[in-house]
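The block underneath contains the structure these notes are about, expressed in structure tokens.
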Amino acid sequence: MLYREAGQFKTSYAADQQIFPIRQDRIAIGLILVVAALVVPMVASEYWIKAILIPFLIFSLAALGLNILTGYAGQLSLGSAAFMAVGAFAAYNFMGRIEGMPVLLAFVGGGLSAAAVGILFGLPSLRIKGFYLAVATLAAQFFIVWALTKFGWFSMDSSSGVITAQEIQILGYRFDTPISLYLLVLTIVAVMALAAKNMVRSSVGRAWMAVRDMDVAAEVIGIRIMHTKLLAFAISSFYCGVAGALYAYAYLGTVEPEGFNLDLSFKILFMIIIGGVGSIMGSFLGAAFIVLLPIFLDVLIQDFLTGLLPPSISSNLQLMVFGGLIIFFLIVEPHGLARLWQIGKEKLRLWPFPH
Amino acid sequence: MQFFFEVLIGGLLSGVMYSFVALGFVMIYKASGVFNFAQGAMVFFAALTFVGFQEMGAPFWLALILAFGAMVLLGIATERIVLRPLVNQPHITLFMATIGLTFFVEGLAQGIWGSTVRGLDLGIQDEPIEWIMDKAGILVSSFDLFAAGVAAALVTLLALFFQYTRVGRALRAVADDHQAALSIGIPLQNIWRIVWAVAGFVALVAGLLWGARNGVQFALTFTALKALPVLILGGFTSVPGAIVGGLIIGSTEKLAEVYLGGYVGGGIDSWFPYVMALAFLLIRPEGLFGEKHIDRV
Amino acid sequence: MSEQNQNGRRVGEVILDLQNISLRFGGVKALTDISFNVKEHEIRAIIGPNGAGKSSMLNVINGVYHPQEGRIVFHGEERKKMEPHMAATQGIARTFQNIALFKGMSVLDNIMTGRITKMKCGFLEQALYLGRAQKEELAHREKVEEVIDFLEIQHIRKTPVGRLPYGLQKRVELGRALAAEPSLLLLDEPMAGMNVEEKQDMCRFILDVNDQFGTTIVLIEHDMGVVMDISDRVVVLDYGKKIGDGTPDDVRNNQEVISAYLGVAH
Ligand SMILES: Nc1ncnc2c1ncn2[C@@H]1O[C@H](COP(=O)(O)OP(=O)(O)OP(=O)(O)O)[C@@H](O)[C@H]1O
Ligand SMILES: [Mg+2]
């Protein structure tokens, strides 16, 4: 079966409005999910699941959150990691302070807490734009990490704010193996990605993009700028918050506020720049890229350049490669990997008869 | 009261450091509309390069000249490789590119010179000045005073440069109106290179002073981030704004830490400048000295 | 009430009455003591040299600028301070002098934004995209397709607007305004920078909108030929002051207007 639109005439707007209007795309997404859910757990090694796939999915979720805010609503944020921290610590508190708290509900609570904090720090966006706002989000970054470290209440008085996630139990089933954690994360991320896709193709998403592209015109059309921007902050932070909770509960187990530092925020920003600003798919591609790149570089240095470079160079090389790639993508393909993917598909649509 | 003044003066002087970094930002922003997030990384790079050359045996002046040369090269390369292809892109794209540049420059600096913390000796004592001590009973470090002197000299120098040189005048023309400057034949790219070189020089001076104070280390880049709230306070386009903003941020940060920090467990200087700038933004979005801007349709 | 406009359509009551409007930006007097009205179903033109205050006038009408003095009566009610987004809910739509489309979105999405005030589902329903949200989306899509057919832009439906030539972008912008089914449509130089053929098309669309939907139109235009052809009444501004008001013929013969246009000192 060739990858083709031909023959699939859309007889109704409903068909045209589907997420994946081309049948092959629907099949491909279905296949990816099946492979991710059934095949991966059988073939992937524990290392791959624990050290690559789980963080990849969690970072995808965080990148998705930032992409909603920055890519769709056009509000640059340098504080995503702080919102992750709020999610992680809030979930921890819900679990620790409320007897018999269902863990999924605690994750939602983490997300909602992050959303509330996100709205608070999003308020300046009503008056300021662009890099002014970026600086304002730095305030969120530093303040939140500081507050979580300083006030023992947030970490239920563990030393210097380090928290150890409680074990995850849903309906009596304990998620303590890497595979079970992986499947849990996969489910959450898939559902939230679908919801994000639905939002950005509905009127909320269009309002975000309108505000991003030309806010004065958006307002004249009847879009309430304040409401739209704050909603973007809230939903974006919700996504980051849930990602943060998963980061603590399904990936690291033990986290401290400093773990959610500015570097992590930048990492997430890089994911969306490289993956594709304003693209759901791009969030996943970017996260995969940023998770895999350091591993790839390490292998490269260890296997091929051993002895040629001093060991300390590896982390600096990483910095340079990250920085260089950001510049490269901004210049060469500002829409990131997602755009390359699109172009690839377009080519495939014509293949094997390019004319 | 004496203690208050000591804290205030200490804060003002550390504010001078922020001003230095902010100054580099302002120049680049004025000339090219680029918000150069990498200014802090440039400070780090400059200081590390200077120390690196000194360790290789170069005397002070030679190391200074070589480090300046390196900054000029960096500036030219940035203009050629990063800015030129991105000309006419949205400001926010350029901003993100300079974030990329930050990482690259930090990696480059440590890749070349190593990641260890170095001392940097300018031969200036860091001791309380005795006669101020005697007269007013306030501790003021000679080093801080020296830094303030350098800052004053540098600002004067820059002011003269902008006012009286051909390049400086062209630069101001460019800052006022890019399109018009182009149309009367001012070569924009040359101007940009010069501006980046001058910003590199400012970064070098800042790096030397800072390095001498706290050692040359990666943490410098975080401290340099504090120049961002300074800019918000002072306005992105104002040289006096950068200076005044730096002084305000430096002093309030220290005063807040000393007088308020105690109540909340300390360390509030990590975020205080940002939150203060934020509060300020809500009152006066264009900064103390910036120009007001209304969207037209 | 047997007044008829160019299309032979009956012109109704005054729906928008501007009384003694003055607007300043710091020292700049953009509008000084301007009064005029707009009647239902008519095509009302505003003309004047560059910087006369025409765009500012539209911005006053839809609440982007707030005049320091004057009264605005819309549908018989005096308007209190109004935010721009409220104009849309009151049935006022507009296009802009410098195209203000959403560059990153497709033609379809741009026009869909025009219906935003009419879409009622919350973000949660939209996130789930079930039932009501889906139904609503499809219902509005159908309306938007009508606009697309009307403006004959079916072939570029899915194209990002940034890639379209200037003339088509102007047309899409009109589409976005029409999608809101406005009762009052403000057009700021809809034909500026177009070639003759594009201008003819645009004229036809404007007349058709007025004719088929009965939309009242306030139009700024520099091309005198067009203004004289399609408008019912014309206001002339110069340096923020009203120097003429009347039918195209009245205005054409007004001495002050002639000298303003010929640049004679006054
Ligand atoms: N937001 C603003 N801030 C300051 N001055 C403004 C603003 N908007 C308009 N003006 C000034 O008001 C005056 C009228 O401008 P306006 O745009 O309304 O003119 P116009 O008649 O539409 O001109 P054109 O034919 O060039 O479009 C001009 O002097 C302009 O500079
Ligand atoms: Mg105008």
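Chains as they are written, first to last, in this note's numbering: chain A, 1 to 355; chain B, 1001 to 1297; chain C, 2001 to 2266.
Glycine residues also receive a C-beta, built at the ideal position from the N, C-alpha and C atoms.
Note that the coordinates shown come from a computational prediction; the quantities given were computed from them, not determined experimentally.
Any chance you could list the alpha helix (DSSP H) runs of at least 4 consecutive residues sitting entirely within the segment 138-165 of chain A, in chain order? Within the segment 138-165 of chain A, no complete alpha helix (DSSP H) segment of 4 residues or longer occurs.
Which of the three DSSP states is assigned to leucine 2031(C) in this structure? Taking the first residue of the third sequence as 1, we reach residue 2031(C) at position 31. Three-state result, leucine 2031(C): strand.
Close Cβ partners of glutamine 166(A) (< 6 Å) along its chain, the five nearest in sequence each way excluded: Locating residue 166(A) in the first sequence gives position 166, where the first residue counts as 1. Contacts found: Met95.
Proline 257(A) versus chain B: which residues are under 9 Å apart at the beta carbon? Translated into positions along the first sequence, residue 257(A) becomes position 257. Ordered by position in chain B, no residue passes the 9 Å Cβ test against proline 257(A), which lies about 11 Å from the chain.
For a test of the three-state rule: what should DSSP assign to valine 277(A), helix, strand or coil? Along the first sequence, one-based indexing puts residue 277(A) at 277. DSSP, reduced to helix, strand and coil, places valine 277(A) outside both helices and strands of the structure shown, so it counts as coil.
Say whether the segment 297-306 of chain A touches the segment 1071-1078 of chain B, bearing in mind that this needs 3 or more beta-carbon pairs closer than 8 Å, one atom from each stretch. Cβ pair count under 8 Å is below three, so no.
Is serine 125(A) a contact residue of ligand 2, with contact defined as CB to any heavy atom under 7 Å? Sequence index remark: in the first sequence, residue 125(A) carries index 125 (1-based). Every heavy atom of ligand 2 is 7 Å or more from the Cβ of serine 125(A), so no.
For valine 2161(C) and alanine 218(A), what's the separation of their Cα atoms in angstroms? Position 161 of the third sequence, counted from the first residue, corresponds to residue 2161(C). Position 218 of the first sequence, counted from the first residue, corresponds to residue 218(A). Each residue's Cα considered, the two are about 15 Å apart.
Show which residues of chain A have a CB atom less than 7 Å away from the CB atom of proline 2084(C). Taking the first residue of the third sequence as position 1, residue 2084(C) is located at position 84. Chain A residues near proline 2084(C): Glu219 and Val220.
Determine the DSSP secondary structure at tyrosine 2129(C), reduced to helix, strand or coil. For this step, residue 2129(C) is matched to residue 129 along the third sequence. Of the three classes helix, strand and coil, the one that applies to tyrosine 2129(C) here is coil, per DSSP.
State yes or no: is the C-beta of glycine 1261(B) nearer than 7 Å to some heavy atom of ligand 1? Counted from its first residue, the second sequence places residue 1261(B) at position 261. Because no heavy atom of ligand 1 lies under 7 Å away, the Cβ of glycine 1261(B) does not count as near it: no.
Does the distance from the C-beta atom of serine 80(A) to that of glycine 100(A) stay below 8 Å? As a working note, residue 80(A) is residue 80 in the first sequence. As a working note, residue 100(A) is residue 100 in the first sequence. No. Outside cutoff.
May I have the straight-line CA-CA distance separating leucine 1171(B) from alanine 1159(B), to the nearest angstrom? Start at 1 with the first residue of the second sequence, and residue 1171(B) comes out as number 171. Start at 1 with the first residue of the second sequence, and residue 1159(B) comes out as number 159. If you take the alpha carbons of leucine 1171(B) and alanine 1159(B), they lie about 12 Å apart.
Keeping to the same chain, check which residues put their C-beta closer than 8 Å to that of leucine 123(A); ignore five residues upstream and five downstream. Locating residue 123(A) in the first sequence gives position 123, where the first residue counts as 1. When the five nearest sequence neighbours on each side are left out, the beta carbons in the same chain lying within less than 8 Å of the beta carbon of leucine 123(A) are those of Leu230, in order along the chain.
Determine, using beta carbons only, whether phenylalanine 2205(C) and leucine 2174(C) come nearer to each other than 8 Å. Here residue 2205(C) refers to the residue found at position 205 when the third sequence is read from its first residue. Here residue 2174(C) refers to the residue found at position 174 when the third sequence is read from its first residue. Yes. Within cutoff.
In chain B, which residues lie less than 8 Å from methionine 320(A) when you measure between Cβ atoms? To locate residue 320(A), count along the first sequence from 1; it is residue 320. Within chain B, the residues near methionine 320(A) are Phe1103, Phe1104, Gly1107, Leu1108 and Gly1111.
Looking at leucine 319(A): is its Cβ nearer than 8 Å to the Cβ of glutamate 1106(B)? Stepping through the first sequence from its first residue, residue 319(A) is reached at position 319. Stepping through the second sequence from its first residue, residue 1106(B) is reached at position 106. Annotated as proximal: leucine 319(A) and glutamate 1106(B), with beta-carbon spacing under 8 Å.
Tell me, which residues are paired with leucine 2186(C) by DSSP? Here the question's residue 2186(C) lines up with position 186 in the third sequence. Among the bridge pairs identified by DSSP, leucine 2186(C) is matched with Arg2094(C) and Val2218(C).
Do glycine 2048(C) and lysine 2054(C) have their beta-carbon atoms positioned less than 8 Å apart in this structure? Numbered from 1 along the third sequence, position 54 holds the residue referred to as residue 2054(C). Numbered from 1 along the third sequence, position 48 holds the residue referred to as residue 2048(C). Less than 8 Å separates the beta-carbon of lysine 2054(C) from that of glycine 2048(C).
So, is the C-beta of glycine 113(A) closer than 8 Å to a C-beta in chain C? Reading the first sequence from its first residue, position 113 is the one you call residue 113(A). Correcting the residue identity first, residue 113(A) is serine in this sequence and not glycine. No, serine 113(A) does not count as interfacial toward chain C.
On a CA-only basis, which of Gln1002(B), Glu1253(B), Ile1268(B) and Val1155(B) is nearest leucine 1012(B)? Give me that one, please. Walking along the second sequence from the start, residue 1012(B) turns up at place 12. When each option's Cα is compared against that of leucine 1012(B), the closest is Glu1253(B).
Limits of the alpha helix (DSSP H) - the one that glycine 2244(C) falls within: Taking the third sequence and counting its residues from 1, the one referred to as residue 2244(C) is at position 244. Per DSSP, glycine 2244(C) belongs to no alpha helix (DSSP H); it is in the beta strand (DSSP E), 2241-2246.
Let me see if you follow: with CB-CB separation under 8 Å, is aspartate 2087(C) close to chain A or not? Indexing the third sequence from 1 puts residue 2087(C) at position 87. The residue asked about is misnamed: residue 2087(C) is alanine in this sequence, not aspartate. So, interface residue.
Identity of the residues DSSP links to asparagine 198(A) by a beta bridge: As a working mapping, residue 198(A) is identified with position 198 in the first sequence. Bridge partners of asparagine 198(A): none, in fact.
For phenylalanine 2150(C), go through chain A and note every residue whose CB falls closer than 8 Å to its CB, in chain order. Locating residue 2150(C) in the third sequence gives position 150, where the first residue counts as 1. Within chain A, no C-beta atom comes less than 8 Å from the C-beta of phenylalanine 2150(C); the nearest is roughly 17 Å away.
Could you give the DSSP three-state label for glycine 30(A): helix, strand or coil? The sequence position of residue 30(A) within the first sequence is 30, counting from 1. Residue state for glycine 30(A) is assigned as helix, using DSSP reduced to three classes.
Reference arginine 2176(C), options Asn2210(C), Asp2109(C) and Glu2040(C), closest by Cα: Here residue 2176(C) refers to the residue found at position 176 when the third sequence is read from its first residue. Ranking the options by Cα distance to arginine 2176(C), first place goes to Asp2109(C).
Span of the beta strand (DSSP E), counted from its first residue to its last, around glutamate 2069(C): The sequence position of residue 2069(C) within the third sequence is 69, counting from 1. First-last of the beta strand (DSSP E) with glutamate 2069(C): 2069-2074.
What does DSSP give as the partner residues of isoleucine 168(A) in its beta bridges? One-based indexing of the first sequence puts residue 168(A) at position 168. Paired residue(s): Phe175(A).
Using a threshold of 7 Å, is the CB atom of glutamine 2019(C) nearer than that to any non-hydrogen atom of ligand 2? Within the third sequence, the letter at position 19 stands for residue 2019(C). Answer for glutamine 2019(C): no, Cβ out of range of ligand 2.
Quick check on this structure: which residue in Arg2115(C), Leu2124(C), Leu2164(C) and Thr2159(C) has the alpha carbon closest to the alpha carbon of arginine 2141(C)? In the third sequence, counting from the first residue as 1, residue 2141(C) sits at position 141. Here the closest residue by C-alpha is Arg2115(C).
Does any residue of chain A have a CB that is nearer than 8 Å to the CB of tyrosine 1259(B)? Residue numbering aside, residue 1259(B) sits at position 259 when the second sequence is read from its first letter. Chain A has no Cβ within less than 8 Å of the Cβ of tyrosine 1259(B).
To which residues does DSSP link alanine 1153(B) through a beta bridge? Position 153 of the second sequence, counting from 1, holds the residue named residue 1153(B). Paired residues: none, contrary to the question.
Methionine 2278(C) to valine 2172(C) span [Cα, whole Å]: Outside the shown range of chain C (2001 to 2266) lies residue 2278(C), about which nothing can therefore be said.
Pick helix, strand or coil for lysine 2039(C), following the three-state DSSP scheme. Taking the third sequence and counting its residues from 1, one reaches residue 2039(C) at position 39. DSSP places lysine 2039(C) in strand when its eight states are reduced to three.
Given 8 Å, three or more beta-carbon pairs between the segment 130-147 of chain A and the segment 1263-1275 of chain B: Yes: the two stretches touch, three or more of their Cβ pairs being nearer than 8 Å.
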